[in-house]
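Colleague:
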Amino acid sequence: MKRTLFALATIAALGACKKNPAPTAAPDAALAPSSSAGTTASEAVAPEKEALTDLLYATHVVVSVSSRVANPKDFPEHLVDRKKETAWNSKTGDLVGGWIGVRVPKMSHVARFELSAGFDATSRDGTDLFTANHRIKRVRVSKDGKALGEHELSVDVRKPQAIPVDQDGGDFKIEILETVAGTKASWKELAVSELFVLGTPGAGAPPPKGPPRVYVGSFSPPRPSYETYRERISRAWFASPAAFCAEQKAAMAPLLPKFQKQLRDEYPSDYVLTASCTTKPSPLLKASGPFLELATATFEDGSSDDTTALVRTAKGWRLAEGLWSSSHSHLDLGCPVNMRESSLHGVTVAEGTTQPTLVVTTHSEYLVAKLRFVHTCALRADESLDCTAPKLINDTKRAECPSEPALCKFEPWGPDDKYTVGADSSVTVHAKRKLPDLGMYHGPP
């Protein structure tokens, strides 16, 4: 039991205005909506009675999609970024039955949608992504749960194709009824370059709150989650340790009330959780190769106070938990009772490997005899600060990168090593827990 996962809010940038502003300019004016509309790409419509605008950038419209691909480089927002070289990709297998949702203010009027049938781009290796991916052939449009009609798209037309609507605002759904498979048989995702929502905002329509947001599964932002928080601080590069702390505290703050409730409900504790983060430079690393600086960061992680390494390369600072970290739990005081401390003791840069590797030796000290260990772990200097296989080299999985030596060691302390077994006066053991708990084992893997 290390942590309970909770939610981390995604908040769109706020905007305020008393009047309807001019429509927000789309990112790429060259990608303009087509002038035709109808149940097929070839049908035309009568001239518009009123000039239409893209409501996605003219008022506050919320977009949602049925799923997203498990790829950190493809985002749902690519559906509305006005760049044909990007696309929304659904999760694998989400083809027929996949959908796009559009929530339009009630005072607005939607004349038509314009939707790309596929991914209008070419990859770096020359693959035509339009013909390689599935393309949408038939869709059903509904509003507030009531079907408005079915429409066909031409799987040979690359530009966005018109789907007539002629409805006031509400919750619209474009459901995929039929697709045509691409030349890549293993590619089983929807891939859609662009969606336009053409209409008139109407009097009193709320202004846009920035570029359109695209949520997954519903019109609501994802609930705050611990996974999202960890992703936010673990995968980003920061300009400085102070910038890391600012981001970490902002990301953790929305989660603290739920961690606080858990602490009080499950344990007789009056400990007050606050968003906190401090950093300290480490003199152990002398700049060598791609590794420029080393620091430690101590921060409130919801269920524990964590201390871990920050490493600076030419790209900036990055959290390096796989290199070294130490944790003192609030939720299970059996943890810090067993583990007194973990600290950095040596840092070197190994140059004899495929690429420069940062090697760190740490001492993890426990109150229980024979549970004191020296860990030597390594970190390669690739773009993500991770080894590609495994991503994090640690004491349970030796280096498996091609042509890499086994850089990690796991050494028990010898009989001549000095240690003290005794009570830690800074820790109060819970004598009366509201819920049974066996605690967390900090011994060898």
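What the sequence shown shows, in the numbering used here, is residues 1458 to 1902, in sequence order.
Here a beta-carbon is modelled for each residue, glycine too, at the ideal position from N, C-alpha and C.
(1) With the cut-off set at 9 angstroms, would you say Val1553 and Glu1635 are in Cβ contact?
(2) Just the C-alpha distance for Thr1657 and Pro1562, rounded to the nearest angstrom, thanks.
(3) CB Phe1629 to CB Val1598, shorter than 9 angstroms?
(4) Quick check: what's the CA-CA separation for Leu1730 versus Ala1771?
(5) So, are the CB atoms of His1591 and Lys1541 less than 9 angstroms apart?
(6) When we look at the beta-carbon of Phe1676 and count the other beta-carbons within 10 Å, is it buried (16 or more) or exposed?
(7) Which same chain residues end up closer than 6 angstroms to Glu1651 when comparing Cβ atoms and leaving out the 5 residues on each side of it in sequence?
(8) Can you check the region 1755–1788 for any beta strand (DSSP E) of at least 3 residues that lies completely inside it and give the ranges in chain order?
(9) Report, in whole angstroms, the separation of the C-beta atoms of Val1596 and Ile1633, which I expect to be a contact under 8 angstroms.
(10) Using a Cβ-Cβ cutoff of less than 8 angstroms, which residues in the same chain neighbour Ile1690 once the five nearest sequence positions on both sides are dropped?
(11) According to DSSP, simplified to helix, strand and coil, what is Arg1903?
(12) Tell me Ala1752's beta-bridge partners as DSSP assigns them.
(13) For a test of the three-state rule: what should DSSP assign to Glu1609, helix, strand or coil?
(14) Buried or exposed for Arg1670, going by 16 or more other Cβ atoms inside 10 Å?
(15) Exposed or buried, Thr1516, counting other C-beta atoms within 10 Å across all chains shown (16 or more means buried)?
(16) Among residues of its own chain, excluding the 5 on either side of Asp1881, which ones have a beta-carbon nearer than 6 angstroms to its beta-carbon?
(17) I need the DSSP call for Arg1569, collapsed to helix, strand or coil.
(18) In whole angstroms, what separates the C-alpha of Val1649 from that of Ala1732?
(19) Contact check, Val1526 vs Ser1547 under 8 angstroms by CB: the rounded distance?
(20) Using the C-alpha atoms, what's the distance from Asp1613 back to Val1939?
Modeller: Per the coordinate set shown:
(1) yes
(2) 11 angstroms
(3) Contact flag set, yes.
(4) 35 angstroms
(5) no
(6) exposed
(7) Ser1573, Pro1617
(8) 1761–1770, 1773–1776, 1782–1786
(9) 6 angstroms
(10) Phe1701, Glu1704, Gln1705, Ala1708, Leu1776
(11) Given a span of 1458 to 1902 for the chain in the structure shown, any question on residue 1903 remains unanswerable.
(12) Pro1738, Leu1767
(13) strand
(14) buried
(15) buried
(16) Because the pLDDT at Asp1881 is just 34, under 50, the model does not fix this residue reliably, and the value given afterwards should be weighed accordingly. Hits under 6 angstroms: none found.
(17) Three-state result, Arg1569: strand.
(18) About 40 angstroms.
(19) With 8 angstroms as the limit, Val1526 and Ser1547 qualify as a contact, their Cβ atoms being about 6 angstroms apart.
(20) The shown model of the chain, from 1458 to 1902, leaves out residue 1939, and the question about it has no answer.
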